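**Student:**
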Amino acid sequence: MTSEYNALIATTKQIIVHKSQPNTFYVVHNNTFISQRHFVEHLNYNPRKSLAGETMAGVINFTSSLSISKPISRHHKPKTSNNSSRVFVIKSSSSTDTSSTSVKDEQLSAIKPPANFKAPEPKLFTPRSDKVVDLVTASLNLLFRFGTGVFVNGYSVSFVPKNEIPSGQYGLGVAGYVAKESSKLGPRPAKPIEIYEFEGCPFCRKVREIVAVLDLDVLYYPCPRNGPTFRPKVGQMGGKQMFPYMVDPNTGVSMYESDDIIKYLAEKYGDGNVPISLSLGLLTTLTAGFAMIGRMGKGSIYTKAKMPPQPLEVWAYEASPFCKLVREVLVELELPHLLHSCARGSPKRQELYEKIGHFQAPYLEDPNTGVKMFESAEIIDYLRATYAL
1 MTSEYNALIA TTKQIIVHKS QPNTFYVVHN NTFISQRHFV EHLNYNPRKS LAGETMAGVI
61 NFTSSLSISK PISRHHKPKT SNNSSRVFVI KSSSSTDTSS TSVKDEQLSA IKPPANFKAP
121 EPKLFTPRSD KVVDLVTASL NLLFRFGTGV FVNGYSVSFV PKNEIPSGQY GLGVAGYVAK
181 ESSKLGPRPA KPIEIYEFEG CPFCRKVREI VAVLDLDVLY YPCPRNGPTF RPKVGQMGGK
241 QMFPYMVDPN TGVSMYESDD IIKYLAEKYG DGNVPISLSL GLLTTLTAGF AMIGRMGKGS
301 IYTKAKMPPQ PLEVWAYEAS PFCKLVREVL VELELPHLLH SCARGSPKRQ ELYEKIGHFQ
361 APYLEDPNTG VKMFESAEII DYLRATYAL
């Protein structure tokens, strides 16, 4: 970490400050303007551009002693800025003030679980009474989307007597029998796909459905309306704030347009065939919109929140109403999260079962606090208590 951090400082050639905004810094790194805020996010959440090819969590701590050189010969400004103010190049000091606390340390100290927090015991298919209506409205997708995203591609099931299933193997028990599920997966990406999107968008929903069908792990960057972090970042990366936006760090491919993303993922990480429920053009988009009628407006508007130093990890899948409620809150709070898709037939169900001794979705692991928990209603309470401002 320290060597990567120092290497990044050493390769940062310029820092730009607007004369009319002396407290606003811009960093020039690899010939790209990055605002001070976005530079922090670049370090924390952009594994594609870190020097070591891995996610780095760190913040450059600039000292107050900065030597100003002569003005640059022409005006430079961030891509998304319309400010025509004169800018000056200033060089950062090579020394850092070790007595000051880094932004990351402050974030870590500020992010703590609620007092006396205790993760609840998992209770399969037992909703909390105050969430029953929410779960009913979140279940409309099963009707309008014909179960798309419930099953992994190539899903098959057979029922065998319970006593024939090894004790360490996951299976859903039904009347003395256990459902033995399997699927046919395509090539697995070495690094998680990155998707910028938000709940409440039918185009984004379509992409989330193919993620479930292909059983992919995705690093989601939520982009709710008025979100201060990742919406602007999409504009910087792709030139416009349109969603969904996908980046595949395994191939360097990035793209807008939900249908193009679906086709790309199916060809790259599936058998090349797009499910018929995702290939009906306007009808697919309309039914994806109808599926969200019961949750209209949820997961679409930003709620002021702390930005976690590390993305949260969630085991979930698109068609589950329990998972849907948790995802809405993750998006509203603009919390980046690595989603391990685990629709029916996913081998990740067995992996989680071996890891925890139980499978249930959603399941949350927060590396920022050490909290690990099941139960959607309690996960929602935890997220709001820990991150909402």
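The opening residue of the sequence shown carries number 1 in UniProt numbering; numbering runs sequentially from there. Where is the CB? At the ideal position from N, CA and C, for every residue including glycine. Nothing here was measured: the structure is a model prediction, and the numbers come from that model.
Looking only at its chain, what residues have a beta carbon closer than 6 Å to the beta carbon of Pro114, apart from the 5 residues adjacent to it on each side?
**Tutor:** Reading the sequence shown from its first residue, position 114 is the one you call residue 114. The residues are Ala385.
**Student:** Looking at Tyr221 and Glu194, is the spacing between their C-beta atoms short of 8 Å?
**Tutor:** As a working note, residue 194 is residue 194 in the sequence shown. As a working note, residue 221 is residue 221 in the sequence shown. Contact flag set, yes.
**Student:** Can you tell me whether Ile262 is buried or exposed, with buried defined as 16 or more other CB within 10 angstroms of its CB?
**Tutor:** Walking along the sequence shown from the start, residue 262 turns up at place 262. Ile262 should be labelled buried.
**Student:** Let's test the definition: count the other Cβ atoms within 10 Å of the Cβ of Ser102 and tell me whether it reaches 16, buried, or not, exposed.
**Tutor:** Residue numbering aside, residue 102 sits at position 102 when the sequence shown is read from its first letter. With a pLDDT of only 40 at Ser102, under the threshold of 50, the placement of this residue in the model should not be trusted; the figure read from the coordinates follows. The residue is exposed, with fewer than 16 neighbouring Cβ atoms inside 10 Å.
**Student:** Just to confirm my understanding: we take Val152, look at its own chain, exclude 5 residues before and 5 after, and list those with CB closer than 6 Å. What are they?
**Tutor:** For the purposes of this step, residue 152 is taken as residue 152 along the sequence shown, with counting starting at 1. Taken in chain order, the residues that qualify are Ser183, Asp215, Ala343, Gly345 and Ser346.
**Student:** Jot down the residue ranges of each uninterrupted beta strand (DSSP E) in the region 293-370, minimum 3 residues, whole runs only, in chain order.
**Tutor:** The qualifying runs are 312-316, 337-341 and 363-366.
**Student:** Name, in chain order, the residues that DSSP records as bridge partners for Val178.
**Tutor:** Residue 178 sits at position 178 when you count from the first residue of the sequence shown. Note: Val178 sits in a beta bridge opposite Val160 and Gly173.
**Student:** Residues in the same chain with beta-carbon distance under 8 Å from Pro244, minus the five sequence neighbours each way, listed in chain order, please.
**Tutor:** In the sequence shown, counting from the first residue as 1, residue 244 sits at position 244. Correct list, in chain order: Ile195, Tyr196, Glu197, Cys201, Phe203, Cys204, Val207, Tyr256, Ser258 and Ile261.
**Student:** Answer yes or no: do Leu389 and Lys304 have a C-beta to C-beta separation smaller than 8 Å?
**Tutor:** The residue given as residue 389 occupies position 389 in the sequence shown. The residue given as residue 304 occupies position 304 in the sequence shown. Against a cut-off of 8 Å, the Cβ pair of Lys304 and Leu389 comes out as a contact.
**Student:** Apply the 10 Å Cβ neighbour rule to Ser93 and answer buried if 16 or more other Cβ atoms are within range, or exposed otherwise.
**Tutor:** Position 93 of the sequence shown, counting from 1, holds the residue named residue 93. With a pLDDT of 32 at Ser93, under the threshold of 50, the modelled position of that residue is not reliable, and the figure given next carries that caveat. Exposed.
**Student:** Determine the contact status of Tyr177 and Val157, defining contact as a CB-CB distance below 8 Å.
**Tutor:** Here residue 177 refers to the residue found at position 177 of the sequence shown. Here residue 157 refers to the residue found at position 157 of the sequence shown. Taking 8 Å as the Cβ cut-off, Tyr177 and Val157 do not qualify as a contacting pair.
**Student:** Among Ala291, Gly270 and Gly147, which one has its Cα closest to the Cα of Gly154?
**Tutor:** For the purposes of this step, residue 154 is taken as the residue at position 154 of the sequence shown. Minimum Cα distance to Gly154 is reached at Gly270.
**Student:** Can you tell me where the alpha helix (DSSP H) with Met237 in it begins and where it stops?
**Tutor:** Counting from one through the sequence shown, the residue named residue 237 turns up at place 237. Phe230 to Gly238 is the span of the alpha helix (DSSP H), which, as asked, contains Met237.
**Student:** Glu334: buried (16+ other C-beta within 10 angstroms of its C-beta) or exposed?
**Tutor:** As a first step, residue 334 is located in the sequence shown; it is residue number 334 there, counting from the start. So Glu334 counts as buried.
**Student:** Beta-carbon within less than 6 Å of Ser277's beta-carbon, same chain only, minus the 5 sequence neighbours each way: which residues are those?
**Tutor:** As a first step, residue 277 is located in the sequence shown; it is residue number 277 there, counting from the start. Cβ neighbours of Ser277 beyond the five flanking positions: Phe146 and Thr148.
**Student:** Identify, in the order they occur along the chain, each residue of the same chain with its Cβ nearer than 7 Å to the Cβ of Met373, setting aside the five sequence neighbours on each side.
**Tutor:** Working through the sequence shown from its first residue, we reach residue 373 at position 373. Closer than 7 Å at the Cβ level, and outside the excluded window around Met373, lie Ala119, Pro120, Leu364, Ile379 and Tyr382.
**Student:** Would you identify the three-state DSSP class for Asp130, choosing helix, strand or coil?
**Tutor:** Position 130 of the sequence shown, counted from the start, is the residue given in the question as residue 130. The answer is helix: DSSP assigns Asp130 an H, G or I state.
**Student:** Out of Lys123, Pro308 and Ala319, point me to the one whose CA is closest to Asp366's CA.
**Tutor:** To locate residue 366, count along the sequence shown from 1; it is residue 366. Per the Cα distances, Pro308.
**Student:** Does DSSP put Val247 in a helix, in a strand, or in coil?
**Tutor:** Looking up residue 247 in the sequence shown gives position 247. Looking at Val247 - three-state DSSP - the assignment turns out to be strand.
**Student:** Evaluate the contact criterion for the region 305-325 versus the region 135-142: three or more CB pairs, one atom per stretch, below 8 Å.
**Tutor:** Enough Cβ pairs lie closer than 8 Å, so yes.
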